[in-house]
Amino acid sequence: MKKSRKKVIILIIIPVILLLLTGGWWAFSVSIYNDNFNKRFTSYEPLMFRLEDFNGIPALKRKKYEFPSDKGQKLTGYLYSTECDQRGIIVLAHGFGAGHNSYMDCANFFAQRGYYVFAYDATGNDESEGEGVGGIPQGVADLDYAISFVEESAEIPDLPVVLFGHSWGGYSACAVLQYHPEVKAVIECAGCNRSTDLFEAGGLKQAGNLIYTMLPFVRLHEKIKFGKYASATAMDGFAASDAAVMVVHSEDDEVVPIRYGYDVFFKKYEMNPRFVFNRMSDRGHNYIFNDRTYIDEFNAEFDKWRDQLGYDVNAEENAERFQNDRADYIRAHLDRARWCNSLDNYLFNDFLSFYDAHIGD
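When we follow the working numbering, the leftmost residue of the sequence shown carries the number -1, and every step to the right adds one.
Here you go:
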């Protein structure tokens, strides 16, 4: 009888322990996810673009709009244009880490050449509402609502819509096609196939294969929080749409390794005439569509300046001092004319030709 009772107790205790361990690991996995992706982001002021940086002939202008996203939060967007005769609208989805400001040079390029550009700050970024981003699927939700706003607004011209996205925005621009098959074309740079790819890629560097034990809990967390947007993949978007797609990625990208996006897409769509693939070798992630000449020059001079400072810039007690000194240095030494005109024009002319070829399809 005692043995039977012990067996029963053991049979009860073991599942309870397993349940507690599973629940604890679930909570830990979600905590790590939130620490990385559920934060509020603000553009770094010394490097922010300003409208007056693009005062060429014709000068870039913009009009501010506010529109709701999936949970009622207000997002802020701007419609960029020039005096050129616009023939289409590019909806621009920015990357992770701050709002659309760092893509204003892209908006200027396209606006100068006949396109409206609607660029917005995603939830939890810059001028938009939200205590934090919430998670990667939020990008798809925000882009879904942004496209609908552009198409339904009486103030925005009724023109063909195309998408441009980088990194997080690249993933969002592809995945959102299942909700907007009317989109004519997409250019995605350094994106991935599924929302958890970004968590996996970053986690492999920090935790190795242990990250794979977290992924089921992260996927469940996203599903509970974001519903249909959590399962949206780029491949689903491609299958649901006839949009033309250009995929741009660099082999040395360490933020979103090429195997998470380009390689997946190329394997299935290499011979499909809808797709254009541009595989680069040395562009990295953040500056994949920039001519790095001035960026590298500035960074080299900055490194010299930093190395001659009379204090340890890595010491915790000097963190605020270095932040202030760094900001002052950038404001004093950044050649804004070169900084604001560092796009790879050859690459962007390819982008332009791609859009032009498909807006009438």
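Where a beta carbon is used, it is the ideal one built from N, C-alpha and C, also for glycine. Remember, it's a predicted structure, so these values are computed and weren't measured experimentally.
Of the listed residues the options, nearest to residue i (C-alpha basis)
i      : options                           : result
ASP289 : TYR344, PHE236, GLU314 and ALA173 : TYR344
GLU295 : GLY282, GLY259, GLY70 and ARG336  : ARG336
LYS72  : GLU252, ALA120, ASN53 and PHE236  : ALA120
ASN100 : SER193, ALA313, ASN123 and ASN207 : According to the sequence shown, residue 100 is Ser rather than Asn. If we check each option's Cα against that of SER100, ASN123 comes out closest.
GLU50  : GLY93, ARG257, ASN106 and ASP261  : ASN106
ASP360 : GLU125, ARG334, ASP305 and SER340 : No statement about residue 360 is possible, as the shown extent of the chain runs from -1 to 359 and does not include it.
SER248 : TYR353, ASP280 and ASP354         : ASP280
VAL148 : ILE87, ALA91, ARG272 and SER126   : ILE87
HIS92  : GLY167, TYR258, ASN32 and ALA298  : GLY167
ASP250 : CYS82, HIS283, PRO271 and MET269  : HIS283
PHE352 : ALA199, GLY22 and PHE273          : PHE273
LYS265 : GLU252, CYS82, MET233 and TYR285  : MET233
ASP342 : ALA325, MET278 and TRP303         : MET278
CYS82  : ASN297, ALA57, GLY70 and GLY259   : ALA57
ARG85  : VAL262, SER151 and ASP156         : ASP156
ASP333 : ASN297, PHE320, LEU90 and GLY54   : ASN297
GLY95  : ASN34, ASP140 and PHE300          : ASN34
GLY225 : TYR31, GLY22 and LYS69            : LYS69
TYR31  : GLU314, MET269, LYS223 and GLU43  : LYS223
TYR285 : ASP301, GLU252, GLU268 and GLU314 : GLU252
ALA330 : LEU175, ALA355, GLU299 and GLU314 : GLU299
LEU90  : GLY22, GLU43, PHE320 and VAL181   : VAL181
is_contact[residue i, chain D] using C-beta, thresh 7 Å
i     : result
GLY86 : Considering every chain present, this structure includes no chain D. It has just one protein chain.
Other residues of its chain near residue i: CB distance less than 7 Å, five sequence neighbours each side excluded
i      : result
SER79  : LYS59, ALA109 and TYR114
SER340 : ASN288, ASP289, TYR292 and ILE293
LEU77  : ARG60, LYS61, TYR63, TYR114, PHE116 and ILE154
ASP45  : Note that residue 45 corresponds to Leu in the displayed sequence, not to Asp. Correct list, in chain order: ILE328.
TRP303 : TYR327
ALA152 : none
PHE320 : VAL311
Contacts around residue i, its chain only, beta-carbon distance under 6 Å, and the 5 residues preceding and following it disregarded
i      : result
LEU202 : ILE209
ALA228 : PRO135, GLU220 and LYS221
VAL246 : CYS187 and ASN276
ILE185 : PHE162, MET244 and PHE349
ILE256 : HIS247 and GLU249
PHE52  : LEU58 and ASN106
PHE263 : VAL245
MET212 : SER27
ARG192 : THR231
TRP24  : PHE215
TYR267 : PHE273
VAL174 : VAL138, LEU141 and ASP142
TYR260 : VAL245 and HIS247
Chain-order list of residues whose beta-carbon lies under 8 Å from that of residue i (same chain, five-residue window excluded)
i      : result
PHE366 : An answer regarding residue 366 cannot be provided, because it is not within the stretch -1 to 359 covered by the chain.
PRO179 : ALA238, SER239, ASP240 and ALA241
ASP310 : ASN316
SER29  : none
ARG38  : GLY122, ASN123, GLY128, GLU129, GLY130 and VAL131
ASN347 : none
ASN270 : none
For residue j and residue i, believed in contact at Cβ under 8 Å, the rounded distance
i      : j      : result
SER170 : VAL138 : 5 Å
ASN36  : GLY112 : Not confirmed; about 39 Å, so no contact.
GLY235 : CYS172 : 5 Å
VAL254 : LEU196 : 7 Å
THR74  : SER126 : 5 Å
Cβ pair residue i, residue j closer than 7 Å
i      : j      : result
PRO66  : ILE357 : no
TYR177 : ASP142 : yes
GLY97  : SER146 : no
ALA183 : VAL160 : yes
VAL216 : THR231 : no
TYR258 : ALA199 : yes
Any non-hydrogen atom of the ligand FAD closer than 6 Å to residue i Cβ
i      : result
TYR143 : Ligands in the displayed structure: none, and consequently the ligand FAD is not present.
- Task: Pick out the complete beta strand (DSSP E) segments inside the stretch 66 to 121, 3 residues or longer, and give them in chain order.
- Result: Within the stretch 66 to 121, the complete beta strand (DSSP E) runs of at least 3 residues are 72 to 79, 86 to 91 and 113 to 118.
- Task: Counting only runs of 4+ residues fully inside the stretch 143 to 197, write out the alpha helix (DSSP H) ranges in chain order.
- Result: 166 to 173, all fully within the stretch 143 to 197.
- What are the start and end residues of each continuous beta strand (DSSP E) run of 3 or more residues lying completely inside the stretch 248 to 287, in chain order? Runs of the beta strand (DSSP E) inside the stretch 248 to 287: 273 to 278.
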